[in-house]
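Here's the structure, in structure tokens; my notes come after.
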Amino acid sequence: MTHHGDHAPPVQLRRLHPQARLPRRMSAGAAGLDLFACLPEGPLRLEPGERGLVPTGWALAIPMGYEGQVRPRSGLALRQGLTVLNAPGTIDADYRGELRVLLVNFGQEPVVLSHEDRVAQLVIAAVSMCGVEEVEALPDGGERGAAGFGSTGV
């Protein structure tokens, strides 16, 4: 595998639909690649509270040691209440099926998605493949201990 300096090795993409639009960064500094809906047969309508699985028309191979994180697009969340339900959705390095986006409409109005609409973003991130170890007692965690859910302030 070729290493590309400080950059991750490339993600390989396989087109599953001839009209699928290639994911792309919309600016030089963008952390994520925008993902486009592959809906050439017609739009997808999501009523308020409804969720739907949006195809992208692509399968991908993420390098080992990395994961794909499917994240919401902030503009869709703000303007339409549309977000990725399982955010961030995780794509494992060994998954080879179609990349689909699980969206939910938290807005007050129906949302209609059309072919090539930008629906989410894909961030590729390094992951630590640590093991697990069962122990009788955990090491001291400091001041916080077992306190959680707002225990350090809101």
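Taking this note's numbering as reference, the numbering of the sequence shown is continuous, increasing by one, and the terminal residue is 809. Every residue gets a Cβ at the ideal spot worked out from N, C-alpha and C, and that includes glycine.
Within a Cβ cutoff of 8 Å, which residues of the same chain sit near residue i, ignoring the five residues on either side of it in sequence?
i: L690; result: P678, T711, V725, L754, V756, R773, V774, A775, Q776, L777
Using DSSP bridges, identify the partner residues of residue i.
i: G723; result: I746, I779
i: N760; result: L737
i: F691; result: R773
i: P710; result: R755
i: V767; result: R700
Who are the Cβ neighbours of residue i in its own chain at under 6 Å, not counting the five residues just before and after it?
i: R669; result: A714
i: H672; result: C693, G712
i: G744; result: V725
Are the beta-carbon atoms of residue i and residue j separated by less than 8 Å?
i: V666; j: A742; result: no
i: L758; j: R676; result: no
i: P695; j: N760; result: no
i: L740; j: L731; result: no
i: P664; j: P718; result: yes
i: R680; j: L688; result: yes
Apart from the five residues just before and just after residue i, which ones in its own chain have a Cβ nearer than 7 Å to its Cβ?
i: Q735; result: G762, V766
i: A780; result: Y721, E722, Q724
i: P698; result: V767, L768, S769
i: V809; result: none
i: V709; result: A692, L699, R755, V756, L758, L768, V774
In three-state DSSP terms, what is residue i?
i: R669; result: strand
i: A686; result: coil
i: E789; result: coil
i: L731; result: helix
i: P703; result: coil
i: M656; result: Bear in mind that a pLDDT of 42 at M656, under 50, signals an unreliable position, so the number given afterwards is only what the model happens to contain. Correct three-state label for M656: coil.
i: L677; result: coil
i: A716; result: strand
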